[in-house]
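Report on the structure given below.
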Amino acid sequence: MILNAKIDGWLHGLLLHPKDTPDTIDQKVYLVGNMIIPTITLSIAYILFLLFNKVQLFVLTMPLVLIMIFPAALLIIIRRGIGVFLTVYYGIYMIMCSFIVIKVGGLPNSFGVWGGAFICFMHTLAICSKRILVLNACIYILCLIIIVFSYPYLNPVSDWTPEINNLIFTYSEIWMCLFLVKVFYDSIVARTKEAGQKAKHLQELDLLKSKLYANITHEFRTPLTLIRGNAEEISDQHADGATEKAKSIIRSSDKILFLVNQMLNLSKIEEGNVPMHYIQGDLVAFVKLITGSFRGYADFRKVRLHFEAQPLQLIMDFEKDKLEESLANLMSNAIKFTPVGGDVFVSVRQLSSRKTSERKVEISVRDTGIGISEDKLDKIFIRFYQVEDNSFPGREGTGIGLTLVNEYVKLMRGTIEVKSSPGIGSEFIVTLPVTNSAAPEEFVAGDERVTLTKAETGAGHEADGSISGHPLLLIIEDNAELTDYLIRLLGNDYRVLTAENGIYGVELAIEHIPDIILSDVMMPGKDGYQVCRDLKNDFRTSHIPIVFLTARADAGSRLEGVKQGADAWLTKPFNRKELMICLHNLLVQREVLRLKYTGAVSGSPVDEKETGLNEKFLERVTGHLEENYRNDGYGIDDLRADLGVSRIQLHRKLTALTGQSASNFIRNFRLQKARKLLLESGRHVSEIAYEVGFRDANYFSRSFIQEFGMNATKLREMFIR
Numbered sequence: 009m010i011l012n013a014k015i016d017g018w019l020h021g022l023l024l025h026p027k028d029t030p031d032t033i034d035q036k037v038y039l040v041g042n043m044i045i046p047t048i049t050l051s052i053a054y055i056l057f058l059l060f061n062k063v064q065l066f067v068l069t070m071p072l073v074l075i076m077i078f079p080a081a082l083l084i085i086i087r088r089g090i091g092v093f094l095t096v097y098y099g100i101y102m103i104m105c106s107f108i109v110i111k112v113g114g115l116p117n118s119f120g121v122w123g124g125a126f127i128c129f130m131h132t133l134a135i136c137s138k139r140i141l142v143l144n145a146c147i148y149i150l151c152l153i154i155i156v157f158s159y160p161y162l163n164p165v166s167d168w169t170p171e172i173n174n175l176i177f178t179y180s181e182i183w184m185c186l187f188l189v190k191v192f193y194d195s196i197v198a199r200t201k202e203a204g205q206k207a208k209h210l211q212e213l214d215l216l217k218s219k220l221y222a223n224i225t226h227e228f229r230t231p232l233t234l235i236r237g238n239a240e241e242i243s244d245q246h247a248d249g250a251t252e253k254a255k256s257i258i259r260s261s262d263k264i265l266f267l268v269n270q271m272l273n274l275s276k277i278e279e280g281n282v283p284m285h286y287i288q289g290d291l292v293a294f295v296k297l298i299t300g301s302f303r304g305y306a307d308f309r310k311v312r313l314h315f316e317a318q319p320l321q322l323i324m325d326f327e328k329d330k331l332e333e334s335l336a337n338l339m340s341n342a343i344k345f346t347p348v349g350g351d352v353f354v355s356v357r358q359l360s361s362r363k364t365s366e367r368k369v370e371i372s373v374r375d376t377g378i379g380i381s382e383d384k385l386d387k388i389f390i391r392f393y394q395v396e397d398n399s400f401p402g403r404e405g406t407g408i409g410l411t412l413v414n415e416y417v418k419l420m421r422g423t424i425e426v427k428s429s430p431g432i433g434s435e436f437i438v439t440l441p442v443t444n445s446a447a448p449e450e451f452v453a454g455d456e457r458v459t460l461t462k463a464e465t466g467a468g469h470e471a472d473g474s475i476s477g478h479p480l481l482l483i484i485e486d487n488a489e490l491t492d493y494l495i496r497l498l499g500n501d502y503r504v505l506t507a508e509n510g511i512y513g514v515e516l517a518i519e520h521i522p523d524i525i526l527s528d529v530m531m532p533g534k535d536g537y538q539v540c541r542d543l544k545n546d547f548r549t550s551h552i553p554i555v556f557l558t559a560r561a562d563a564g565s566r567l568e569g570v571k572q573g574a575d576a577w578l579t580k581p582f583n584r585k586e587l588m589i590c591l592h593n594l595l596v597q598r599e600v601l602r603l604k605y606t607g608a609v610s611g612s613p614v615d616e617k618e619t620g621l622n623e624k625f626l627e628r629v630t631g632h633l634e635e636n637y638r639n640d641g642y643g644i645d646d647l648r649a650d651l652g653v654s655r656i657q658l659h660r661k662l663t664a665l666t667g668q669s670a671s672n673f674i675r676n677f678r679l680q681k682a683r684k685l686l687l688e689s690g691r692h693v694s695e696i697a698y699e700v701g702f703r704d705a706n707y708f709s710r711s712f713i714q715e716f717g718m719n720a721t722k723l724r725e726m727f728i729r
């Protein structure tokens, strides 16, 4: 509010332009409203001039009122161009103040008129952009320099006495002081209002998160109930119906895994630690392959699934895993929310443009389903947002899927667009750039699996459970037949390395850094205990979970295994489901551990009680970075040389512990240092960028926004008020 609500409303109606944003119209009302006070005070000063018969001063200062009245009237007439208006208005006003000061004989004889220029400059702090602020600061400083250096050559007005000068000066300073108080008060009110809006937004986010966790709890409860109920029936019955119930168990557990993977993927995106692995291949064949994997699901839902492409072949670069998960999500949603007898159309179309040489491809997923109302279209990609519709009860989700799709498409340098009409259907259009720079790679239909579809297809459709690259499993076993059985059992879910003895097993582990190790205990050369001890005491492999698979079931052997650092112990003959669940749980635990260690680069303290090799390794890494991050030439090769490891070992170790590649870890360490300097000092952003080892200020700015979601200046303003 400027003066009162009625005046504000009146000015709002006079100044409003159809294209004005709320911030723009607020600036206009604030500017014109604040012209009223100086106009009144200057008018009083003019009366004093006339009373003292100072006509010359009256004539000299009259333009100050005219500068406020005419621009205000002009702004009311044109009602736009506020940015240019502020620049011209403030600049002319300060120049006019300096002209009056010079005419009356300099600052000592100026009766405080230069304070008007100062008020004008301070006003820009409250409502102007940085560009206008810098420009007006330059004008203010330049005018002040001219006034100071011209003072020896100036002559005061002949009829201007010190008594009158002091009187007018006192009056001017009083109203300027009051005006400054109002300006700063308005600024405080604006900041308080902004803080209140942010608090409200955070409260809404908290409500959305609470709803998310409630939905996830519900999603977990149903498949877990099925798992427990079917498992109990299988244990109480013979073979009758056991196969179908076992499939139900697999589908339900895969659905849980899918939900967990979504949460983990979302967490990785938030951390900015999503590696991109492009391949070059036939995009049309790839999309057709994914579409084909949904035919069983479409048949189960009694929905017709169509595919078309133009051209029939398109060789280009694409990120196989991210694109597969994105299209799987879109196709699953399309089928899920299309009524019985409806259609889902998947198409690939190459776009041609005469204006640019850049080639693009468009992948469309269109359905004849329930559609999405227009007021919800701009919200469907917001994290945790769900479109509530009672037409399809029991098919609700968690509000994560489309968020992941949107983020993945951005990572692939593409765009996603949605068109929808309630009762007619929806169409999601993914547009990607066409490039040919990645290494060619073939993909086989039998190797592609879409978890989302198979986990939700219902009876008669087995789930596999893999979207991204399979974990690397090292099997150390001297029995060749058992090794072959384990490969058959686990080969669909893991990439498998094998070693026939402990010595070779340790060598393979150090060379390849597997995700998990399955080892026998009694082996020639080195037994399982020695293997476990060697790997757990080597910082390169200390993070790898080790599962003992042995015929020794006595308590003493188990205790010895725990003492050497084994993560799990299974006895022969083992339950194959128990083995698979055990391996899966250890990998999930490692993901949780990875998220914890990710805090090492963001400055979160690691528990002081934890002094294992993983913690010591991260301490060594951060120690070397602490010493060298200011050196812009310090990179991966320098760090791995200081640590005494190979480049690939450093990369895999950091990826396993933090989910970040070595280059990302170093970059994020520097960004955290930059963030600390921003909040603890008033130094310029570019100076801080060079201080923490960034040669290119533009690259620093892009990286900072990617890491923290805002530029450095905005972050500083948010925390330092």
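For this note's numbering, add 8 to where a residue sits in the sequence shown, where the first one is 1. Backbone N, C-alpha and C define an ideal beta-carbon position, used for all residues, glycine too.
Distance between residue j and residue i (C-alpha atoms, nearest Å)
{"i": "Asn341", "j": "Glu316", "result": "19 Å"}
{"i": "Val539", "j": "Ala576", "result": "14 Å"}
{"i": "Ala53", "j": "Phe107", "result": "18 Å"}
{"i": "Gly536", "j": "Asp645", "result": "34 Å"}
{"i": "Met588", "j": "Gly641", "result": "46 Å"}
{"i": "Gly569", "j": "Phe556", "result": "8 Å"}
{"i": "Leu594", "j": "Arg660", "result": "18 Å"}
{"i": "Ile55", "j": "Thr32", "result": "36 Å"}
{"i": "Phe326", "j": "Gly204", "result": "44 Å"}
{"i": "Arg598", "j": "Asn636", "result": "30 Å"}
{"i": "Phe625", "j": "Glu415", "result": "32 Å"}
Buried versus exposed call for residue i [16 or more other C-beta atoms within 10 Å across all chains shown]
{"i": "Arg496", "result": "exposed"}
{"i": "Met726", "result": "exposed"}
{"i": "Glu333", "result": "buried"}
{"i": "Gly431", "result": "exposed"}
{"i": "Leu58", "result": "exposed"}
{"i": "Trp18", "result": "exposed"}
{"i": "Phe673", "result": "buried"}
{"i": "Arg309", "result": "buried"}
{"i": "Pro160", "result": "exposed"}
{"i": "Thr491", "result": "buried"}
{"i": "Val348", "result": "exposed"}
{"i": "Arg3", "result": "Absent from the model: residue 3. The displayed extent of the chain is 9 to 729, so no value can be given."}
{"i": "Val144", "result": "Looking at the sequence shown, residue 144 is not Val but Asn. So Asn144 ends up on the buried side."}
Among the options, nearest to residue i - alpha-carbon criterion
{"i": "Val96", "options": "Arg598, Ile147, Leu291, Leu59", "result": "Ile147"}
{"i": "Glu425", "options": "Thr630, Val373, Leu505", "result": "Val373"}
{"i": "Lys328", "options": "Tyr637, Ala293, Leu115, Arg655", "result": "Ala293"}
{"i": "Met130", "options": "Lys722, Phe192, Ser711", "result": "Phe192"}
{"i": "Ser445", "options": "Met324, Leu210, Leu162", "result": "Met324"}
{"i": "Met184", "options": "Val109, Gly289, Thr47", "result": "Thr47"}
{"i": "Val818", "options": "Gly631, Gly124, Gly422", "result": "This structure does not reach residue 818, given that the chain is present from 9 up to 729, and the question cannot be answered."}
{"i": "Ile287", "options": "His25, Pro448, Tyr502, Leu56", "result": "Pro448"}
{"i": "Thr630", "options": "Arg675, Glu599, Ser654", "result": "Arg675"}
{"i": "Val356", "options": "Ile298, Phe302, Ile153", "result": "Ile298"}
{"i": "Lys621", "options": "Tyr637, Glu599, Asn636, Leu662", "result": "Residue identity check: residue 621 is Leu in the sequence provided, not Lys. Ranking Tyr637, Glu599, Asn636, Leu662 by Cα distance to Leu621 puts Leu662 first."}
{"i": "His520", "options": "Leu658, Leu412, Phe436", "result": "Leu658"}
{"i": "Gly123", "options": "Met420, Leu152, Leu141, Tyr502", "result": "Leu152"}
{"i": "Thr411", "options": "Pro164, Phe389, Lys418", "result": "Phe389"}
Own chain partners of residue i with C-beta closer than 6 Å, once the 5 adjacent residues on each side are dropped
{"i": "Cys128", "result": "Tyr98, Tyr101, Met102"}
{"i": "Asp351", "result": "Arg312, Thr376"}
{"i": "Met531", "result": "Asp486, Asn509, Gly510"}
{"i": "Gln572", "result": "Tyr537, Cys540, Arg541"}
{"i": "Phe702", "result": "Phe708"}
{"i": "Ile77", "result": "none"}
7 Å CB neighbourhood of residue i in its chain, flanking five on each side removed
{"i": "Asp730", "result": "The question about residue 730 has no answer here: the residues shown for the chain are numbered 9 through 729."}
{"i": "Leu186", "result": "none"}
Sequence-distant residues of its chain with Cβ nearer than 8 Å to residue i (five each side left out)
{"i": "Gly379", "result": "Ser428, Ser429, Pro430, Gly431, Ile432, Gly433, Ser434"}
{"i": "Lys534", "result": "Asn509, Gly510, Ile511, Gly513, Val514, Asp542"}
{"i": "Ser51", "result": "Val73"}
CB contact below 7 Å: residue i versus chain D
{"i": "Asn414", "result": "The chain inventory of the structure shown lacks chain D, comprising one protein chain alone."}
Counting beta carbon pairs with one atom in the region 680 to 700 and one in the region 642 to 659, are three or more of them shorter than 8 Å? no
Report yes or no: do three or more beta-carbon pairs, one from the region 652 to 669 and one from the region 684 to 699, lie closer than 8 Å? no
I'd like to know if the region 479 to 488 and the region 521 to 529 are in contact, where contact means that at least 3 CB-CB pairs between them fall below 8 Å. yes
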